[in-house]
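For the sequence shown, the working numbering gives the first residue as 116, with consecutive numbering after it. Glycine is no exception: its CB is placed at the ideal position from the N, C-alpha and C atoms. A quick note: this is a predicted structure, and the numbers were derived from the prediction, not measured. Note sheet for the following structure.
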Amino acid sequence: MPEKNKRINVLFAAAEAEPFIKVGGLGDVAGALPISIQKSATHAIDIRLVIPFHAAIKEKQLPTEFLGSFAINSAAGTSECLVYAITNEGLTVYLLDSEAINHKSPVYHANPVEDGRKYAFFSIACVELVKFLDWKVDIFHSNDWHTAVAIYALATNYKDDPFFHNTAKIISVHNMPFNGYGAQPALTELGIAPSNDSNLPEWAKLTPLPLGLVAADKIIAVSEGYAKEILTPEFGCGLDEFLITRSERIIGIVNGIDTQIWDPATDPYLVQNYSRNNLGAKANNKAELQKTYGLEINQEIPLLTLISRMDNQKGIDIALRGLNRVINEDWQAIILGTGNPQIEKMAIDLAKMYPDRIKTITKFDPALSHQLYAGADIFLMPSRYEPCGISQMISMRYGTIPVARATGGLVDTITHYRGNTDEATGFLFKHKYPSAFANGLLRALNTYKNKPIWIKLQQNGMDKDFSWQHSANAYVEVYKSLLK
Ligand code: ADP
Numbered sequence: 116m117p118e119k120n121k122r123i124n125v126l127f128a129a130a131e132a133e134p135f136i137k138v139g140g141l142g143d144v145a146g147a148l149p150i151s152i153q154k155s156a157t158h159a160i161d162i163r164l165v166i167p168f169h170a171a172i173k174e175k176q177l178p179t180e181f182l183g184s185f186a187i188n189s190a191a192g193t194s195e196c197l198v199y200a201i202t203n204e205g206l207t208v209y210l211l212d213s214e215a216i217n218h219k220s221p222v223y224h225a226n227p228v229e230d231g232r233k234y235a236f237f238s239i240a241c242v243e244l245v246k247f248l249d250w251k252v253d254i255f256h257s258n259d260w261h262t263a264v265a266i267y268a269l270a271t272n273y274k275d276d277p278f279f280h281n282t283a284k285i286i287s288v289h290n291m292p293f294n295g296y297g298a299q300p301a302l303t304e305l306g307i308a309p310s311n312d313s314n315l316p317e318w319a320k321l322t323p324l325p326l327g328l329v330a331a332d333k334i335i336a337v338s339e340g341y342a343k344e345i346l347t348p349e350f351g352c353g354l355d356e357f358l359i360t361r362s363e364r365i366i367g368i369v370n371g372i373d374t375q376i377w378d379p380a381t382d383p384y385l386v387q388n389y390s391r392n393n394l395g396a397k398a399n400n401k402a403e404l405q406k407t408y409g410l411e412i413n414q415e416i417p418l419l420t421l422i423s424r425m426d427n428q429k430g431i432d433i434a435l436r437g438l439n440r441v442i443n444e445d446w447q448a449i450i451l452g453t454g455n456p457q458i459e460k461m462a463i464d465l466a467k468m469y470p471d472r473i474k475t476i477t478k479f480d481p482a483l484s485h486q487l488y489a490g491a492d493i494f495l496m497p498s499r500y501e502p503c504g505i506s507q508m509i510s511m512r513y514g515t516i517p518v519a520r521a522t523g524g525l526v527d528t529i530t531h532y533r534g535n536t537d538e539a540t541g542f543l544f545k546h547k548y549p550s551a552f553a554n555g556l557l558r559a560l561n562t563y564k565n566k567p568i569w570i571k572l573q574q575n576g577m578d579k580d581f582s583w584q585h586s587a588n589a590y591v592e593v594y595k596s597l598l599k
């Protein structure tokens, strides 16, 4: 039986974390979640974060403390790994630096073999780190393929090491399609043997993410919806049949958002702050956008926005084609996003066709994103798949009603309006076709005309608690359940 009030030691390993480095959503999660877990009032937790000492972090010349070094052994010889530490909001963060982790490299290499090498070595370094610190961890918490090899190594190469006898293994899955294929040479160099799990497809037997899934005592998907979806051929990325054999270990815990950064009542980027009780003030933010982007200044015309990476995953093409289908309706749109040049071009071309109504801005602009969340009426999120999604939660917090595809975390976080306003916060459409998107948008446009209903939907969304504390408490429950 676990001691009731035993402090739980957790190493949280990730490829990126705010405020040190952020490339994508994983950076948001790894930056915020461990801090919220540490602050969780439900149990004493000593959680610490480890990330690579990426070149981009070094450039910031942060006041790190050098703790010492340890060796990483591989077939190619021994390399030294340097350990640095820094604290962030009371959280201890370790930064690991060695030749193989490649301190002169980008956060993610475009070349999968190089990227595989970087993160295979980083994973092993994370395991060696806890021995170097002589810190017995109860939970080793890896995230995505980049640190999945760490828990596989704990289950294999370190299986008989008494130091780890009480260490439980968790992997959080933020994005299944990225599995680390290409790491095979590095894994072999590090003496990692293929898995002999007969439920795994051949390609997966020496691929980081599947190895982590094999080893994990608990597999956490970043929403309940995604936890179910990854068991299906459409979302399982070739691992669905294997995952079904592990289904008892899989749970979904939805991500949160930083409710201090994303708060319309205090957001410094807005021309006027507002809250659920003075939603009228939101209109000034809309008028400002209409003025800045040369759109007709008129509160009655619904202003749509889409803020996204321009990636196939996000279904921007579905929305752009869908907008064409409802072109006879009265609306304006501002699209903000960068990424795939073809998708960017599609968005630019549509804006050129309707210059009085549609604006496309192809840059990464956090300040503008705040103004769009605040000034728009409707937020478009037509994702093909969405493990959790953050933008829809931000939009609801800003009283901007989402029109989103019914997939993954979007289903968990948006309550579809079916004619009853009690709980509804937005509009979901089922199929990933422009016609389905257009129908969903039409429902929203029609509802917009009924102000009392619209305001109720806005307030429902603004009343929702999207803070990290929710997720943190759920993670703590998982940690407690795994104590050995
Ligand atoms: P993902 O992590 O898959 O890109 P999420 O919805 O989880 O999608 O998070 C996206 C985050 O990135 C949101 O905070 C969104 O506002 C922000 N974002 C996306 N594109 C841009 C952009 N062009 N400019 C500013 N912020 C952006």
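- Take residue 550, set aside five residues on each side of it, and the residues of its chain with a beta-carbon closer than 8 Å to its own are 437, 440, in chain order.
- Under DSSP, the beta-bridge partners assigned to residue 449 are 420, 474.
- Taking 8 Å as the cut-off, the beta carbon of residue 294 is found no closer than this to the beta carbon of residue 315.
- Under the three-state reduction of DSSP output, residue 487 falls in the helix class.
- Residue 585: member of the alpha helix (DSSP H) spanning 583-597, first to last residue.
- Annotated three-state conformation of residue 565 is coil, per DSSP.
- The beta carbon of residue 220 lies closer than 8 Å to those of 169, 170, 229, 233 in the same chain, with the five residues before and after it left out.
- Going by DSSP, residue 241 is part of the alpha helix (DSSP H) stretching over 227-248.
- Every unbroken stretch of the beta strand (DSSP E) spanning 3 or more residues and falling wholly within the stretch 385-442 is given here in chain order: 418-425.
- DSSP places residue 460 outside any beta strand (DSSP E); the residue lies instead in the alpha helix (DSSP H), whose first and last residues are 456-468.
- For residue 313, the closest alpha carbon among the candidates 304, 354, 285, 345 is that of 354.
- Fully enclosed beta strand (DSSP E) runs of no fewer than 3 residues occupy 542-544 of the stretch 518-559, in order along the chain.
- Secondary structure of residue 202 (DSSP, three-state): strand.
- The three-state secondary structure of residue 496, taken from DSSP, is strand.
- In the structure shown, residue 262 falls within a helical segment according to DSSP collapsed to helix, strand and coil.
- Going by C-alpha positions, residue 199 is about 47 Å away from residue 531.
- Burial of residue 127 is indicated by the presence of at least 16 other C-beta atoms within 10 angstroms of its C-beta.
- For the set 536, 559, 366, the Cα lying nearest the Cα of residue 586 is the one of 366.
- DSSP places residue 510 inside the alpha helix (DSSP H), whose first and last residues are 506-512.
- A Cβ-Cβ contact shorter than 8 Å links residue 166 with residue 208.
- Taking the C-beta atoms as reference points, residue 489 is found nearer than 8 Å to residue 397.
- In this chain, residue 220 is not harboured by any alpha helix (DSSP H), its DSSP state being neither H nor E.
- Between the stretch 516-527 and the stretch 487-507, the count of C-beta pairs closer than 8 Å reaches three or more; the two stretches touch.
- Classified as buried, residue 163 has 16 or more neighbouring CB atoms from the shown chains inside 10 Å of its CB.
- DSSP places residue 167 within a strand segment (E or B) once states are collapsed to three.
- The stretch 180-192 makes no contact with the stretch 144-160: fewer than 3 CB pairs, one atom from each, lie closer than 8 Å.
- When only Cα atoms are considered, residue 141 and residue 130 end up about 8 Å apart.
- The C-beta distance from residue 414 to residue 429 rounds to 29 Å, too long to meet the 8 Å contact threshold.
- Cβ contact annotation for residue 178 (same chain, cutoff 8 Å, sequence separation greater than five): 201, in chain order.
- By a beta-carbon distance limit of 8 Å, residue 472 does not contact residue 404. Their separation comes to about 13 Å.
- Taking a 10 Å sphere around the C-beta of residue 447, we find 16 or more other C-beta atoms and assign the residue as buried.
- Within a 10 Å sphere around the beta-carbon of residue 417 sit 16 or more other beta-carbons, which makes this residue buried.
- When secondary structure is reduced to three states using DSSP, residue 296 falls in the coil class, being assigned neither helix nor strand.
- Linking residue 279 to residue 286 through their CA atoms gives a straight-line distance of about 17 Å.
- A Cβ-Cβ contact shorter than 8 Å links residue 554 with residue 544.
- Restricting attention to 193, 309, 467, 351, the CA atom closest to the CA of residue 290 is found in 351.
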